[in-house]
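Numbering (the working numbering), first residue to last: 363 to 541.
Dropping the structure here:
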């Protein structure tokens, strides 16, 4: 697959496109990842497109990381939710991941996938670390996210742990040092 097709096929938008194109044109393998919170036992249709895109990059010789939201899944992604998720235990999350891996292995070659767990770095953060991370964002920036705006508009409760969820997702990207 030529680089441009690898980047744009089955994708509505690439951000930032110029940077992604330059990295692919360099000829060096790029590092990319897919993060999934195993909140249930089965992958859903929404996982199929990113898994297939990851597999295409893998087949083209790029470094693929499968990020397991072993910490964030215990909180639960607030996207599209009217109420807080029931908290999961680490054991439930890891058991769910085993079924995810079996399903994802139908698309990805796990012999050539780096699997990482975000509890390995998120659990080490102190409260001071979290405050330092949070200081880079404003309440107004966070409220603009659709997941929070809808709950606010409908006067639905939003837990502080859910409010910090995007911060944890962003920290995952920093820890992984991906392209």
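Note that the Cβ used here is the ideal one computed from N, Cα and C, for glycine as well. Please read these numbers as outputs of a predicted model, since none were measured by experiment.
{"Item": "Tell whether a beta-carbon distance below 8 Å holds between residue 394 and residue 534.", "Value": "no"}
{"Item": "Could you check if residue 472 is buried or exposed, using at least 16 other CB atoms within 10 Å of its CB as the buried criterion?", "Value": "exposed"}
{"Item": "When the Cα atoms are used, what is the spatial distance from residue 385 to residue 412?", "Value": "19 Å"}
{"Item": "Could you check which residue in 379, 515, 428 has the C-alpha nearest to that of residue 467?", "Value": "428"}
{"Item": "Kindly list the residues whose CB is nearer than 8 Å to the CB of residue 368, restricted to its own chain and excluding five residues on each side of it in sequence; keep chain order.", "Value": "386, 418, 419, 422"}
{"Item": "In whole angstroms, what separates the C-alpha of residue 519 from that of residue 388?", "Value": "47 Å"}
{"Item": "Look up residue 397 in the DSSP assignment and say whether it is helix, strand or coil.", "Value": "strand"}
{"Item": "According to DSSP, residue 430 sits in a beta bridge with which residue or residues?", "Value": "398, 479"}
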